[in-house]
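Below is one structure; the comments refer to it alone.
2 protein chains.
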Amino acid sequence: MSYPDDLREAVDHHLETIHFSSDPATAGLDESMRYSLLAGGKRIRPVLCLATARSLGDEIEPYLDLAASLEMVHTYSLVHDDLPAMDDDDLRRGQPTSHIKYGEAVAILAGDGLFAEAVRLMAATEGDPARVLEAVQLLASATGVEGMVGGQYVDVTATGLDRDRLRHLHSLKTGRLIRVSVETALAYGGVAASERGPYQQFAAELGILFQIVDDILDVTGTDVELGKPQGSDERHGKVTYVSLYGLQEAKSLASQSHSQALSALASVDGETDYLRRIADYIYMREQ
Amino acid sequence: MSYPDDLREAVDHHLETIHFSSDPATAGLDESMRYSLLAGGKRIRPVLCLATARSLGDEIEPYLDLAASLEMVHTYSLVHDDLPAMDDDDLRRGQPTSHIKYGEAVAILAGDGLFAEAVRLMAATEGDPARVLEAVQLLASATGVEGMVGGQYVDVTATGLDRDRLRHLHSLKTGRLIRVSVETALAYGGVAASERGPYQQFAAELGILFQIVDDILDVTGTDVELGKPQGSDERHGKVTYVSLYGLQEAKSLASQSHSQALSALASVDGETDYLRRIADYIYMREQ
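Protein chains in written order, with the working numbering: chain A, 1 to 287; chain B, 1 to 287.
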């Protein structure tokens, strides 16, 4: 069973329809935001959101704006992480990064704009206001100091991370947004907080798995597969699962994490085929 | 009648209570965010929000989180605008700017974090979910491409602005956030959209007045009054109301704008004393 490309295509089609400005004065900003947003990729976060909707027995259409806003937040984080003051990366998915193409000022604003428009899109989702509001609360919490931005802060400032602190860093930096991709769908779908446990365990494990595999691929992948120079973690002096555990142990950790994700999924009361295929893809992916 | 310092003090006290992290790993990020947030100032946006609440006959306490989130968004915009790639300013309110004190990476993240936490705080405001959700929608819209971020994009990229385009720039960059400071209070206070017209006219005019006076003060103020070097607009090559209209005509425009703001306020059905005092302050202020 392969990655749910039908869901990914639905996300891509929906993202294509989104324009941020009809005002000539800001057309260049709109262009820079769409440049990064439409650069491709597996769309793991929005696909997770839609797969969760399907597991609840729902059609995906009402969830498309939620899904798009999650991808917009992810893209914003990539644009800011690539900046010269941060990771100083010139390539992303094989293309020049935003600040290389548009300059640093526009890249900062493209990231800021994607975040604001993500909140706007999610908050404007049709449906029960209490459910939509909870989705927005979850998103804001996952992107703030106790989430993505806090994780990036640890990543750029911390030195000499040990195993616990590395895990904590990634639970903030990448884990929270992956978890919230599932959680926003649960909130919008009206799943009571008391019923979300297995989903949350699955998503938390998926976030860990994602990062371990990412660290492995930075060592074992090729430039073409990665869309960026192989070995960039080491050149950036980054502590990774591979640098702390070694390649074989990191692969073993990935295998355990994959098993635990599937085990959590077994307790989900619903059609979990899509979610399982995402976990399998993240575990087996080569780029 | 003077500026409503009682409301400003309520805002300052409330902001003091806000901490963004109890996690040692992100304590430095919390510190940098609070450094910029607690740097003082007149708190015009949150005070406008609270003054609007008072005009509705409401107590201010339920509105304090909304007010704080508006100031957090404003602070985030200042931190990013000051960055080397943007306006490259070293001083703000007489103190080193965030990137001077904490470095550029942390300053970018402090801005990102303040924005996320502002959304989080506003979305978590107690009350009718539909009203809170509308406030969040308004905030996101005012900060996105058709608001603050779009205005900053025009500011850093546009050349040879004429009068219409200067007005458009400022209606996006500073005007939308000032307007939304009133509008979020109206939404949360349950004022029907059809009843908001006079408030919106007042707030829109106030935004224009604010910018005209800001441009005048950059020419006539002293370094100490401004908290930054006088004449910085001219050195940055910025088109301003003074550069386009001349000082005397700019002062005349400010006077007209102040009159129109008060005229709009006369149609507001409520206790508008606080709102009028804010307009008077913005018109007469010397820093």
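Just so it is clear, CB atoms sit at the ideal spot from N, CA and C, and this is done for glycine as well.
Backbone secondary structure at residue i - three-state DSSP
i: residue 93 of chain A; result: coil
i: residue 145 of chain A; result: coil
i: residue 184 of chain B; result: helix
i: residue 3 of chain A; result: coil
i: residue 158 of chain A; result: coil
i: residue 311 of chain A; result: Not covered by the structure: residue 311 of chain A. The range shown for chain A is 1 to 287.
i: residue 201 of chain B; result: helix
i: residue 287 of chain B; result: Interpretation of residue 287 of chain B is limited by its pLDDT of 48, a score under 50 that renders its predicted location unreliable; the figure taken from the coordinates is listed afterwards. In the structure shown, residue 287 of chain B sits in coil (DSSP, three-state: anything other than H, G, I, E or B).
i: residue 230 of chain A; result: coil
i: residue 17 of chain A; result: coil
i: residue 10 of chain A; result: helix
i: residue 151 of chain A; result: helix
i: residue 243 of chain A; result: helix
i: residue 22 of chain A; result: coil
i: residue 258 of chain B; result: helix
i: residue 126 of chain A; result: coil
i: residue 222 of chain B; result: coil
i: residue 44 of chain A; result: helix
i: residue 98 of chain A; result: helix
i: residue 61 of chain A; result: helix
i: residue 238 of chain A; result: coil
i: residue 280 of chain A; result: helix
i: residue 271 of chain B; result: coil
i: residue 215 of chain B; result: helix
i: residue 288 of chain A; result: Any answer about residue 288 of chain A is impossible in this case: the structure gives chain A only from 1 up to 287.
i: residue 250 of chain B; result: helix
i: residue 207 of chain A; result: helix
i: residue 135 of chain B; result: helix
i: residue 192 of chain A; result: coil
Delimiting residues of the alpha helix (DSSP H) encompassing residue i
i: residue 76 of chain B; result: 64-81
i: residue 301 of chain B; result: The requested residue 301 of chain B does not occur in the structure, where chain B is confined to residues 1 to 287.
i: residue 109 of chain B; result: 104-123
i: residue 164 of chain B; result: 163-170
i: residue 56 of chain A; result: Here residue 56 of chain A belongs to no alpha helix (DSSP H), and DSSP marks it neither H nor E.
CB contact check: residue i to chain B, cutoff 9 angstroms
i: residue 184 of chain A; result: no
i: residue 169 of chain A; result: yes
i: residue 282 of chain A; result: no
i: residue 175 of chain A; result: no
i: residue 83 of chain A; result: yes
i: residue 108 of chain A; result: yes
i: residue 172 of chain A; result: yes
i: residue 158 of chain A; result: yes
i: residue 145 of chain A; result: yes
C-beta neighbour in chain A for residue i, strict 9 angstroms
i: residue 150 of chain B; result: yes
i: residue 165 of chain B; result: yes
i: residue 37 of chain B; result: no
i: residue 153 of chain B; result: yes
i: residue 287 of chain B; result: Confidence at residue 287 of chain B is low in this model, with a pLDDT of 48, below 50, so the placement of that residue should be treated as unreliable; the coordinate-derived value is given next. Output row for residue 287 of chain B: interface = no.
Going along the segment 110-140 of chain B in order, which residues come within less than 7 angstroms of chain A, judged by CB to CB distance? The segment 110-140 of chain B vs chain A, Cβ under 7 angstroms: 112, 113, 115, 116, 117, 119, 120, 123, 124, 129, 130, 132, 133, 136, 137 and 140.
Closer than 8 angstroms between beta carbons: that is the criterion. Which residues of the segment 3-32 of chain A meet it against chain B? Cβ contacts with chain B come from 20, 21, 23, 25, 26, 28, 29 and 30.
Taking Cβ-Cβ distances below 7 angstroms as the criterion, which residues of the segment 186-211 of chain A are in contact with chain B? Contact residues of the segment 186-211 of chain A toward chain B are absent (C-beta to C-beta distance below 7 angstroms).
Taking any Cβ of chain A, which residues in the segment 64-80 of chain B have a Cβ under 7 angstroms from it, in chain order? Listed by position, the residues of the segment 64-80 of chain B near chain A (Cβ gap below 7 angstroms) are 80.
Please name the residues in the segment 232-244 of chain A whose beta-carbon is closer than 9 angstroms to at least one beta-carbon of chain B, in chain order. Of all residues in the segment 232-244 of chain A, none comes within less than 9 angstroms of chain B when Cβ atoms are compared.
Compile a chain-ordered list of the residues in the segment 82-104 of chain B whose CB is closer than 7 angstroms to at least one CB of chain A. Flagged, chain order: 83, 85, 86 and 104.
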